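Trainee: Numbering-wise (the UniProt record's numbering), the sequence shown opens with residue 1 and increments by one.
Glycine included, C-beta positions come from ideal geometry on N, C-alpha and C.
Predicted model, so just to flag it, every value in this text is computed and none were measured.
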Amino acid sequence: MPWKGRKAVARISPLVVLPPVVFAALAGMFLWGMNRDDPTALPSAMVGREAPAVPQTTLPGKTQLTDEMLRQPGVKLVNFWASWCPPCRAEHPTLTELAAQMPVYGVDLRDTDANALAFLTEDGDPFAAIATDPKGRTAIDWGVTAPPETFIIDGEGRILYRFAGPLVREDYTNRFLPQLEKALQAEE
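1. Can you tell me whether Ala-27 is buried or exposed, with buried defined as 16 or more other CB within 10 angstroms of its CB?
2. Under 8 Å by Cβ, that's how I've got Ala-90 and Val-168 pegged, so tell me the actual separation to the nearest angstrom.
3. In terms of residues, what are the limits of the beta strand (DSSP E) holding Gln-80?
4. Ignoring anything shorter than 3 residues or poking outside the region 119-144, list the beta strand (DSSP E) runs there in chain order.
5. Do Asp-133 and Pro-55 have their beta-carbon atoms positioned less than 7 Å apart in this structure?
6. At the level of alpha carbons, what is the spacing between Trp-32 and Thr-66?
7. Less than 7 Å separating the beta-carbons of Ala-146 and Asp-111?
8. Taking Cβ positions, are Ile-153 and Leu-70 nearer each other than 7 Å?
9. Smallest Cα separation from Val-75: which of Asn-174, Leu-160, Thr-173?
10. Using a 10 Å radius around the Cβ and a threshold of 16 neighbouring Cβ atoms, would you call Gly-61 buried or exposed?
11. I'd like to check one pair, Val-104 with Leu-95: are the Cβ atoms closer than 7 Å?
12. Using the beta-carbon count (16 or more within 10 Å), is Ala-24 buried or exposed?
13. By the three-class DSSP mapping on this structure, what secondary structure does Gln-101 have?
14. Within 10 Å of its beta-carbon, does Ala-51 have 16 or more other beta-carbons around it, so buried, or fewer, so exposed?
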């Protein structure tokens, strides 16, 4: 075939361009993630908003957690927990210590009453009031991904901070406590 007067046009296959473009996009995303203030923190859309409603069910013999309790003056904590959750058991002594300083409210997540009561009887009950969420619907409203999760709530019922994971060791002292101290200072 003669090429008289025609220029050869180089065509690049999209399959040749696609891998470098995908690599560049992933590298950019990873770079952004590593440069966040706290790359280990899970952001929460709930921070700064009013705390969602809590279930109107509780464990037998326990004080019912109400929405009004979350709007009372002072800093308070809401902890989503379950008896079947090993990290919840690990953080339980920390919650007991915190309960001596401020109200700690619990939401028992996808648990049976018998198992939850046995857990609280065995390890102690740090909760000023409890709500139960047997189907996990309230946890969805709060943005809970898995127990344990703890929320710092201000005196107007707004969520100031969400901590995903157990309140233990360095995570507790380096990530949670500074946020709690900041909330307590703001309330003064």
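Mentor: On the basis of the data shown:
1. exposed
2. 5 Å
3. Before going further, note that residue 80 is Phe rather than Gln in the sequence given. Unbroken beta strand (DSSP E) run through Phe-80: 76-81.
4. Restricting attention to beta strand (DSSP E) runs no shorter than 3 residues, the region 119-144 encloses them at 129-133, ordered along the chain.
5. yes
6. 40 Å
7. no
8. yes
9. Leu-160
10. exposed
11. yes
12. exposed
13. coil
14. buried
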